[in-house]
Structures are given as C-alpha cells and as structure tokens.
Amino acid sequence: MQNQASELAISTLASTEVKPSSTSALRIVDLCYAYADCPAVLQSVTFNIASGESVGLIGPNGAGKTTLFLSICGVLTPQKGEIALFEQRVQPGKFRPEIGLVFQNPSDQLFSLSVEEDVAFGPVNMGFSHEAVEERVREALQLTGVASLRHRPPHHLSGGERRMVAIASVLAMQPQMVIYDEPSANLDVRSRRRLIRFLQEASQTTLVSSHDLELVLEVCDRVILLDQGHIIADGIASEIMADNALMEAHGLERPHSLSHSQ
Amino acid sequence: MQNQASELAISTLASTEVKPSSTSALRIVDLCYAYADCPAVLQSVTFNIASGESVGLIGPNGAGKTTLFLSICGVLTPQKGEIALFEQRVQPGKFRPEIGLVFQNPSDQLFSLSVEEDVAFGPVNMGFSHEAVEERVREALQLTGVASLRHRPPHHLSGGERRMVAIASVLAMQPQMVIYDEPSANLDVRSRRRLIRFLQEASQTTLVSSHDLELVLEVCDRVILLDQGHIIADGIASEIMADNALMEAHGLERPHSLSHSQ
Amino acid sequence: MKLGIDDYAQLESPIHQWLPKYKLIGLTALILAFSFVQKLALLPLMAVTTAMFYQTARLPFKFWRQRLQIPGTFLAVLLLLLPFMAGETVLAEIGPLNIYREGLLAVVQISVRFVCILTLGLVLFGTAPFFESIRAMRSLGLPPILADMTLLTYRYIFEIGDYFQSMRTAMKLRGFESHRLNWQTLKHLAALAGSLIVRSYEKSEQVYKAMLLRGYGQNMTVIYQPKPTRRDSVLLSLTLGLAAGILLAEVF
Amino acid sequence: MHIPDGILPAPIVLTGYAGTGLVTWYSLRRINRQENPQAGVPKASLLTAAFFVASWIHIPVPPTSVHLILNGLLGTLLGYFAFPAILIGLLFQAILFQHGGLSTLGVNALMMGLPAIAAHYIFQLRYRFKITQVNGLAILGFFSGAMGLGLAVLIFFSLLITNLPAGLDVRTEQAAITGLALAHLPVVILEGFFTALLVSFIYRVKPELLPQR
Chain A
1 MQNQASELAI
11 STLASTEVKP
21 SSTSALRIVD
31 LCYAYADCPA
41 VLQSVTFNIA
51 SGESVGLIGP
61 NGAGKTTLFL
71 SICGVLTPQK
81 GEIALFEQRV
91 QPGKFRPEIG
101 LVFQNPSDQL
111 FSLSVEEDVA
121 FGPVNMGFSH
131 EAVEERVREA
141 LQLTGVASLR
151 HRPPHHLSGG
161 ERRMVAIASV
171 LAMQPQMVIY
181 DEPSANLDVR
191 SRRRLIRFLQ
201 EASQTTLVSS
211 HDLELVLEVC
221 DRVILLDQGH
231 IIADGIASEI
241 MADNALMEAH
251 GLERPHSLSH
261 SQ
Chain B
1 MQNQASELAI
11 STLASTEVKP
21 SSTSALRIVD
31 LCYAYADCPA
41 VLQSVTFNIA
51 SGESVGLIGP
61 NGAGKTTLFL
71 SICGVLTPQK
81 GEIALFEQRV
91 QPGKFRPEIG
101 LVFQNPSDQL
111 FSLSVEEDVA
121 FGPVNMGFSH
131 EAVEERVREA
141 LQLTGVASLR
151 HRPPHHLSGG
161 ERRMVAIASV
171 LAMQPQMVIY
181 DEPSANLDVR
191 SRRRLIRFLQ
201 EASQTTLVSS
211 HDLELVLEVC
221 DRVILLDQGH
231 IIADGIASEI
241 MADNALMEAH
251 GLERPHSLSH
261 SQ
Chain C
1 MKLGIDDYAQ
11 LESPIHQWLP
21 KYKLIGLTAL
31 ILAFSFVQKL
41 ALLPLMAVTT
51 AMFYQTARLP
61 FKFWRQRLQI
71 PGTFLAVLLL
81 LLPFMAGETV
91 LAEIGPLNIY
101 REGLLAVVQI
111 SVRFVCILTL
121 GLVLFGTAPF
131 FESIRAMRSL
141 GLPPILADMT
151 LLTYRYIFEI
161 GDYFQSMRTA
171 MKLRGFESHR
181 LNWQTLKHLA
191 ALAGSLIVRS
201 YEKSEQVYKA
211 MLLRGYGQNM
221 TVIYQPKPTR
231 RDSVLLSLTL
241 GLAAGILLAE
251 VF
Chain D
1 MHIPDGILPA
11 PIVLTGYAGT
21 GLVTWYSLRR
31 INRQENPQAG
41 VPKASLLTAA
51 FFVASWIHIP
61 VPPTSVHLIL
71 NGLLGTLLGY
81 FAFPAILIGL
91 LFQAILFQHG
101 GLSTLGVNAL
111 MMGLPAIAAH
121 YIFQLRYRFK
131 ITQVNGLAIL
141 GFFSGAMGLG
151 LAVLIFFSLL
161 ITNLPAGLDV
171 RTEQAAITGL
181 ALAHLPVVIL
191 EGFFTALLVS
201 FIYRVKPELL
211 PQR
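Chains as they are written, first to last, in our numbering: chain A, 1 to 262; chain B, 1 to 262; chain C, 1 to 252; chain D, 1 to 213.
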C-alpha cells in the first residue's frame, strides 16, 4: 500500500520535474531538519508545487508540518536540502514577500490597535507609498469580507473574524503563494464554511495543513501525506484520502464524505 | 420546523419533570444571563439532565454555551432562574466538587509544574489526606491512560496528552457530572479517536459542547441545540442532527455520517 | 525555548536526595556567609567548598559553563576596569595606564565570591524540580500568596515565551525589521508588548476560573513534607557548621 | 541592570534583604486587605510572566539596542502586587539567566520595586486630577515609566560606585554617579515613551486591566 503511494509520489514529482518551467511555485529537494538532541523532524523531503496549485498537507501531530512551513518561509535553517520559491533559492532570514504564512492561532499574528493597522503592517514594511498601502488594505479587507471591521481592535473580534483578518493581513502583501496552518481550528461551522468558500476562490498557490480532512477535500486537488518527517504519499486528494488502510496506518481517518463512494 | 423541535424539547422536559426522582443530575429553570451593556446571552433556558445521561450541546459560536457552563459551575451569577445540581441549588462562588469542567484550552487548566501536581490540586484543596490524594491521582491517571506522564511538566506535552491530563485533573475530584467544552479542539485524528473511546466509556453524567458533530453523535444520545441564548431543540441526537433544515437555520451542518440515512 | 534550571533535577546524588527544606537552609546560610568574606586567605577555602558541593551534586560541567556565560561578560568588564581605576599601590605600568594592587586584589575577591555564590545557587536550584524548591520555601514560612505567584509565574513564563516567539516570527514574515529607531518601530514594539500583556491577562482570567473550580482557596492545606532522615540532619549540621566557621574566621 | 553576586559588602546585602522583607510584608498586608486577595494572584502571576518575557524586546538605539525594564508599567498595572511581582521576576532572572544574583536579590528588589511603587502612585494621580482621556493617561504613563526607570538607575549607580572597593573620593563618586545617570537619560526617556504607548494601547484594548481605585 505504502509502496504504491510512494510510486504515486515519485510519478507526481517526475511529471513536474521533467518540465521545470516558470510555473514552479515551490521546489523542495531532499530537505532534512533536526532540532538539537532530537530525532530528525524532516527526513529527505522532496516535492514540487506548481504555480496555481492547491495542495493539502495531512498527517498526525508531530509529523513535521510546522517545521516544514517555517523552513519554507526561511525562519528555520535546514541542515540539508534545498528550497526554491518561484525558482529563487530561499535564504534563511531573508524576507520574501511572495510567500505568506497564516498561523494556526490568529492571536500570534494580530497585534495592532485596529484591523486596518494590522492589515497595513506588511505593505508598510515593504515600503509602499501611503496610497498604495491604502489600496492594498482596502482590497485585502474586501476579499476576505471583513471591511466592516476595519476600525475595530483585533483583540475584540470573534474567532472567525480574527481568522479572516489574519488572512487579510497576509493577503495585503499580495503574496503569490499562501500557506495555511490549520485554518479551520476553533472555528464554528458557519465560519468554517465561509473559510472554505474563500479558499476555493483564492487565486494564489495554496498549501493547507489541516486535521479537518473534509476541508482539505473541498479545497485541494492534491494531497501530501507526511508522517514522522517522511513523505508517505503524494497524489490526488480524493484517492489518497479514500485509501482506508493507508490513512489508518498514519493516524488518520477516511473522511465520511468519501466512505459512500466505496 | 422550529415549532416541532420545541415541542420535542418540552416533551423531554415534561417527562423528567413528572418524576423528579433522585436521578436528576442537573435541573435548570428559566435561566437568564446578560453581560453589562450587551444583549442577553441566555434567555429563559430550561432543561434537565438525568443522572448517567450523555448530552451534547450544539450551536454556533456566541450561542451562549460557555456562559451556560460557567453558570452551572457557579462562576457566573445569573440574573434570573434557578440551577440545581443533584437536587441542590447552585450558589455562585461556592465550590461544588461534584461537578467538573474541562476547559476548551487545556493549558488554562494545567497550571502546575508537573502532571502529578496538577492532578492532585483538586483533591488537595478538598482536604483529603496525603494517602487519599495519592490514591485519587493514581486512579485518575490510570483511567485517562496518562500514568506514564506523571512527572512531566504539562507545558511539554502534546495537545492530545494535555487534553487527557486536563481530564484526569478533573476526574481526580471524582465528580458525578463532567462538562466538556470543545474537547476535540486542536486534536489530531488519533488523539480524537482516543478521546471518543474514553468518553463513550465514561461513567459520569456528561455534557459535551462541540463543533465536532461527529464526536457528539458518537458520544451522546441526546442533543440540545442552543442559538442566541435560546434552546431551539432538545431530543434524540441522530434525529435532531439529521434535520438538515433545522441545522442549517442555526449555522450547523448535518454530519456526513448521517447523510446516507436520508 | 530552553531555560530549564531543573533540567538535571532527575539525577541521583547525595545533594539531590537531601531534604529540600534542609538543603535550602544550609545552602542559603553558606551563600550569606560567602558574601561576608573579605579576607584573601579565606577565598581558597570558599572555592574548594563550592567545588566540593558541585562535585557531590554530580551536575555536569557543561551546565556550569553555560550558566556562567552571560554574567561572565560583566565579570570581564570589571576585570578590565578595576585594576586600572582603583587603588594606590602601583604594581606595573602599561603605557599611560597604571595597574594598582588594590584594584587587582578587589577583582580577585569579587570574582571568587561571585563565582562561588552563583555556583551554590546552581546546586540549590539545579538539584530538585523547581516546585519542590518552592514547597520547601513555603514550609519555611514563605507566604502562600508569594508561593502561589512564584509557581504560576514560572509555569507560564514558558508559555508566554512561546507566544512571544510566534508573534515575533509573524512580524518578521511580514517584513518587520527593528533596526531603526523611529516612532513607527516604537509603536509596533509597544503593540507587541501590549498584545503580550493583554493575552496574558485574558489567560489569567481563564486560569483563575479553572483554579476556583478545583477548589482554589478552599482550605489552606498543610503541605506534605517527608520526614528528615539522619543523613539530612547530618548534612545540614555540616553545612551550617561550615558557614559558621567561615563567618568566625572572617570576623576574628 | 542588576547588581550581581559578590560586589556588595555583606551589610548592604543584609540590609537589602531586611528592606525587601519589610516592603513585601507591607505589600501583602495591603493585598490581604482587598476584598478577595486570591483573585489577584493569577492576574499578577501571568502579568509577571508577561513582563519577564516583554523585557526580551529590544529597542534599537543605533549602533546598539537596549531592552526594556518596564518596572514603572508593572507598578502602574499591578499596584501593591508590583513589589512581590518584581521580587519573583528577579528571582527568575537570577536562577534562569544568572542576571543579578541570589545574594543581591534583596537589594535588587528594592532598587526596582520602590520606583515601581512610586510609579503606581504617579499613575493613581489620574483620580486626583480626574484624568479620563487617553492622552492624559499616556502622559501619566510617560512619567510613571520614566520615573520607574530613572529612580532605579540612580539607585543602581549609587550602590555600585559607593561600594567600589578602594579608592574613589567622595567628589569623584558624586561626579561619576551624576555622569552615569545623565548618560542614561535618553534610555529613561525612551522607557517613558514606551510606557506611554503601552498605557494607551491597554486603555484602548483592555481598559479593565488598568487598576481601579
């Protein structure tokens, strides 16, 4: 079963590697990461994401998802391997506005006195003029549907609102690729539904990690299964997630919405 | 639809009110709560839970679930209405060890420097001897399957481990009724599955609030639907949650596992 | 984030097994006696005593070295300044600068006292889980409010430290670089600190509720303390004797 | 800015402990007079932790950077809980980072804590002068913060210089203290501005955190 899955992975990789055209958003080759005195968190992780793709990253807690994200964004320095964003090598510590990371907890991301200030924070740091910043803020707020919250302090918003403001604060930098870490965590059904609709319509290259497999299924065509730092499977979302034996071997469950298909 | 549901609610109530036997765990009559300068959070909430029942509480964020819990535990003082736990009136501010509340975020509840200390905190405050405390700690850790974590600092545990330790810290008081606020929040599939098994086997009267309706379905026979401070429906879990129109009207979704039954 | 003073609390050694209460009394007395020492002749004795304690505690040398790193800078500054600044007797001249005997001796005295007290502190807090140490203080009369505050603060420093790391990472990923001092930078950093404080406050409200619901403040229970063994008492007497000896030697 | 072990003569170390014991006792007495003293414990503890962590924020002052002390704000927010909070914060600085020291804990607590209490009284002036506007509060915040650090700096250098072993005459000592304190004036003012910004942030986001009367 796993063999079949890794073949799947290899074939996907191969197909994108054959034509390393300008459409590659993210290319990761042989990435290894280990914290001091701990077993390796990422072990020779290799995959590609083409521009415009929506990819889900699934796996149990501790599989290495957050470490992977922080490496992609240049926050962590991997021991080995290479990461390229839009054909440019990621250098740890160097700010790359073309990638945005939406944190699992919006409170980690929102700190200003008003929604407006928080959304403007990125563009201001990027050095845009006052008008350009204003334009970006307006657009990001509109896109995420939170324009009406503009003058409120983020600390006073509900969980669902904060999530959308956190997304807006990333989108205002107009990144070409956005990573979402557990975007539906702590959302109620209504906010989650709204988030799913938003993600389905998003135009950026997207990488979503989530325990909420139904969300992954609705948002992503492709899924990468990570466990203990290894890529276990990489392929079509509905196929991988319908594979009960594979899912259970890695602490996951086939989503209910896929069970009637078998 | 709503009418039918409220009739359901009333009939359930009636049936338990007719025989107010010693089996009542929780009786709430006409409970109203409002924070200063805000619209009412709870409006004339009335329901009963019999000893040994497992009841799910569902509804969108802001429906008033947390306020309800804190009122039941005597942390908040309601403006109107009555709450009785095991036939004894709840007096705000008075410690009632027969009820336990498992918070949504375990780190709010694990405030000691070791798992052991945390689990012992309740029994120590209840005034038990060193030996009795020791016995309760051992038992609670065993029941929740985290005996091996005994000497670890709670801060270093995984999400799933923390959840089980938080439950152990409540169970060590040997409450007759336990309230779980979003117990599966932020758990991965494996930990969630373990939690569900635990809840299914738990012997206490249980009240679970969750956005994870599949969990509610697996753990509870009865469900109460709360929205904007009103009880909208109260009845058999699989019936209420299968009612698509009702669910959607209150920001919920019929669980996938119930959709094939229609 | 790794700060753990009690990372080596699980080791086994006579000091680890020493009843925390007695350890606290004994080592505190010794630390105070050390801070009285002025006589040069007593410095070697202090150093040997300290080394003995550290050796007996079986704490790794690495731990000591790491812990000395930060305050070491301060010591280095002192070492570079004092011999040139203070004193009357010129020992040597380096160009326009004089090295004074008194200054040099003062440096030796201060450094030895400093390193010895610090090392004993490591032995004191490094050989028991932190909450055991606080319990010991509590049984010696530390007011309960102070004890509760100490434990809770310690527990949540790590958690709030994690908030801080995440928030700073999030700011960096949105291009924030705090290299220039201007009103904007100051405002953002204040918002960061403010958010941290507000988040902590909100958490404290939850923690308080959780504590109340598990009976916090119900009764001031007597803390369980194991009975001292003969070995505990012998170790305490020895340490107190040593402290008294050093004090006497210093005074007379 | 902590006085490490080994520098100060023993009498000062002991006096420091005695003074700290006294002020702690008085603070706890004031706390115990409050309606529900235990209710303040989690708040004070988590804020102590938050202040501890917030002091890791470095403010760029080219070519270097300074970190915040925030003892003025701590006094402003915690009132009588401030002194125990500072004592605990310093204990952790000493045992986690070896900043300051165990033997000088008492002296350091007085050095940071007394100015914090002063800052508390400065901020309470808002009731005397009936200040309710955010700008007024920010100005009080500025003085609380600047006073908190300013006094601490003064005490720090006084203790350090007058206790240097051997040799400086009184006039040189005074000159050194004044000089060093003045050199820190920019940092004191920076701390004041930062405290002002923080007070207005908290007022807008979580006004109930500012102490009631």
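A virtual CB, placed ideally from N, CA and C, is assigned to each residue, including glycine.
Status (buried if at least 16 other CB within 10 Å, exposed otherwise) for residue i
i, result
"ALA18 (chain D)", "exposed"
"MET52 (chain C)", "exposed"
"GLN133 (chain D)", "exposed"
"SER21 (chain A)", "Note on SER21 (chain A): pLDDT 48, under 50, position unreliable in the model; no value is reported."
"HIS130 (chain A)", "exposed"
"CYS220 (chain A)", "buried"
"ASN71 (chain D)", "buried"
"GLN38 (chain C)", "exposed"
"ILE5 (chain C)", "buried"
"CYS38 (chain B)", "exposed"
"SER233 (chain C)", "exposed"
Three-way DSSP call (helix, strand, coil) for residue i in this model
i, result
"ASP162 (chain C)", "helix"
"GLU264 (chain C)", "It is not possible to answer for residue 264 (chain C), since the shown part of chain C is limited to 1 through 252."
"MET177 (chain A)", "strand"
"ARG162 (chain A)", "helix"
"ILE236 (chain A)", "strand"
"GLY65 (chain A)", "Note on residue identity: the sequence assigns Lys, not Gly, to residue 65 (chain A). Of the three classes helix, strand and coil, the one that applies to LYS65 (chain A) here is helix, per DSSP."
"ASN48 (chain A)", "strand"
"ASN98 (chain C)", "strand"
"GLU250 (chain C)", "helix"
"THR104 (chain D)", "coil"
"LEU180 (chain D)", "helix"
"GLY121 (chain C)", "helix"
"GLU173 (chain D)", "helix"
"CYS116 (chain C)", "helix"
"ASP188 (chain B)", "coil"
"ASN182 (chain C)", "coil"
Residue i and residue j closer than 8 Å at C-beta
i, j, result
"ASN186 (chain A)", "GLY159 (chain A)", "yes"
"LEU189 (chain C)", "ILE189 (chain D)", "no"
"VAL55 (chain B)", "ILE240 (chain B)", "no"
"ALA34 (chain A)", "SER51 (chain A)", "no"
"VAL165 (chain A)", "VAL102 (chain A)", "no"
"LEU226 (chain B)", "GLY62 (chain B)", "no"
"CYS32 (chain B)", "LYS94 (chain B)", "no"
"VAL75 (chain B)", "GLY229 (chain B)", "no"
"VAL137 (chain A)", "TYR180 (chain A)", "no"
"PRO94 (chain D)", "LEU87 (chain D)", "The residue asked about is misnamed: residue 94 (chain D) is Ala in this sequence, not Pro. Not a contact, by the Cβ cut-off of 8 Å."
"LEU213 (chain A)", "PRO255 (chain A)", "yes"
"ILE49 (chain B)", "CYS73 (chain B)", "no"
"TYR100 (chain C)", "VAL112 (chain C)", "no"
"LEU120 (chain C)", "LEU19 (chain C)", "no"
Beta bridge counterpart(s) of residue i as assigned by DSSP
i, result
"GLY100 (chain B)", "B:VAL178"
"CYS32 (chain A)", "A:LYS80"
"VAL55 (chain A)", "A:LEU207 and A:ARG222"
"SER24 (chain B)", "B:ALA50"
"LEU42 (chain A)", "A:TYR33"
Item to check | beta strand (DSSP E) runs contained entirely in the region 2-79 of chain D, provided each spans 3 or more residues | outcome: 58-61 and 64-67
Item to check | Ranges of the beta strand (DSSP E) found wholly within the region 192-232 of chain A, counting only runs of at least 3 | outcome: 205-209 and 222-227
Next on the checklist: If we require 4 or more residues per run, which alpha helix (DSSP H) segments fall completely within the region 77-165 of chain A?
Outcome noted: 115-125 and 130-144
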